[in-house]
Amino acid sequence: MKIDLLGLEAFVGVAELASFTRAAEHLNLSQTAISHRVKKLEGSLGVQLFRRSHRDVVLTDEGATLLPKIKGMLAGMDAELERVRTQAVVKRQKLSLACLPTIAMDLLPQALRIFDARHPDVTVSVVDTSANEIGALVANGTVEFGLTIIAAGNHDLVTETLFSEDYVAVCPASHAFAKRKQITWGDLVKEKLIRVNPQTANRFIVDQALGNRSETPNWAYEVQHTITAFRLVREGLGLTIMPQSAVDALNAKDVAILPLSRPRISRTIGILSRRNVALSPLARDLCAVFKEPRR
8 MKIDLLGLEA FVGVAELASF TRAAEHLNLS QTAISHRVKK LEGSLGVQLF
58 RRSHRDVVLT DEGATLLPKI KGMLAGMDAE LERVRTQAVV KRQKLSLACL
108 PTIAMDLLPQ ALRIFDARHP DVTVSVVDTS ANEIGALVAN GTVEFGLTII
158 AAGNHDLVTE TLFSEDYVAV CPASHAFAKR KQITWGDLVK EKLIRVNPQT
208 ANRFIVDQAL GNRSETPNWA YEVQHTITAF RLVREGLGLT IMPQSAVDAL
258 NAKDVAILPL SRPRISRTIG ILSRRNVALS PLARDLCAVF KEPRR
């Protein structure tokens, strides 16, 4: 038998208020409509649920037996519908993305400040990790999109370029290079250099650009993070090479930033997302913020 939810709701209303008139007012219905719903329910059940008189409405034995069961069923349905509605709201108000640590230091905070002003109730989950890990997180759906270095090989993912930037040399402010406008890789042959570990995309880009150069750099230190390399430079332990955006995000006090050439090395930053999977409205909005002109 098809469940008559409207009839059940009318039945509970009349039973609890002991009046068709009051039940009609409570449910914002006409008295004719609520009477019709109750009669239809009684017809489908084959029993009379109320004894009616000019002065009162009384439940029959069948109606009294049915009432608590129907109330429990309707309450359970309401609770389940509310649970689904709440989950949908919560899901709509969450956004996850992945980005390179160097992006997390500069571009990301600026974009999130703008995004937060537009969507103050949204919870944003950020995974700052390596380029390889970002590709995997996007591909398996752990995050909606990633901000990473755009490179060949992401055939199953969609890429959208945001900007390109050069790698620059960072040296102590007291270093002789600090007075120069730019330097070359050849100038660095006799200098102690600090680099990040080989698992990072920045290390890969630099190594690939240098190739088998005759002027082999003197890599005196190897660290895990760009910010660590930067701090070693500030202590006078050597020079490091990093993307311009990473330098912009750090306190450049006590260091000098120099354009680096022969070869000039650069990277392209962009948005990575799954192919044939539409971004959520929130993700699209945040991506639009990243596409706005950089300050």
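With our numbering applied, the sequence shown has no gaps in its numbers, which climb one by one up to 302 at the end. Idealized CB from N, CA, C, for every residue including glycine.
Counting along the chain, the unbroken beta strand (DSSP E) around E167 starts and ends at L164 to P179. Residue environment: M249 is assigned as buried (16 or more neighbouring CB atoms within 10 Å of its CB, all protein chains considered). Between G245 and K199, the C-beta gap is smaller than 8 Å, which places the two residues in contact.
According to the DSSP assignment, V262 belongs to the beta strand (DSSP E) that extends over V262 to S268. Going by beta carbons, I278 and F152 fall inside the 8 Å limit.
Secondary structure at P250: strand, using DSSP grouped into helix, strand and coil. Two segments are said to touch when three or more pairs of C-beta atoms, one from each, lie closer than 8 Å; by this definition the segment 125-141 touches the segment 201-213. Within the DSSP bridge table, the entry for E229 names R202 as partners. Contact between K46 and D11 does not hold, since their C-beta atoms are separated by about 11 Å, which reaches or exceeds 8 Å.
Cβ contact annotation for I212 (same chain, cutoff 6 Å, sequence separation greater than five): R274, in chain order. Three or more Cβ pairs drawn from the segment 261-273 and the segment 172-183 lie within less than 8 Å of each other, which places the two stretches in contact.
According to DSSP, S280 shares a beta bridge with F152 and V165. Closest option to A263, judged by alpha-carbon separation, among L119, S132 and K188: K188. Rounded to the nearest angstrom, the gap between the Cα atoms of L154 and D113 is 12 Å. For L36, the three-state secondary structure derived from DSSP is coil. For T109, the enclosing alpha helix (DSSP H) has its first and last residue at P108 to M112. Within the same chain, L200 and R202 come within 7 Å of W226 by CB-CB distance, once the 5 residues on both sides are set aside.
In the DSSP assignment, R291 falls within the alpha helix (DSSP H) that extends over P288 to K298.
For the set E87, E69, K101 and F27, the Cα lying nearest the Cα of H61 is the one of F27. A distance below 6 Å between beta-carbons, with the five flanking residues on each side excluded, links P108 to the following residues of its chain, in chain order: D135. Around the CB of P179, 16 or more other CB atoms lie within 10 Å, so the residue is classed as buried. Using a Cβ-Cβ distance cut-off of 8 Å, the segment 116-126 and the segment 291-301 are in contact, since at least three pairs of beta carbons, one from each stretch, lie closer than that value.
DSSP places I272 in the coil class of the three-state scheme, outside both helix and strand.
When C-alpha distances from L56 are compared across V21, K186 and L257, the shortest belongs to V21. D63 is a Cβ neighbour of A25, given a cutoff of 8 Å. Bounds of the alpha helix (DSSP H) holding V213 are A208 to L217. With a threshold of 16 other beta carbon atoms within 10 Å, H182 meets it and is buried. Rounded to the nearest whole angstrom, the C-alpha separation of T166 and F297 is 14 Å. Assigned with DSSP and collapsed to three states, I41 falls in helix. Secondary structure at D123: helix, using DSSP grouped into helix, strand and coil. If you draw a 10 Å sphere on the C-beta of T247, you find 16 or more other C-beta atoms in it, and that means buried.
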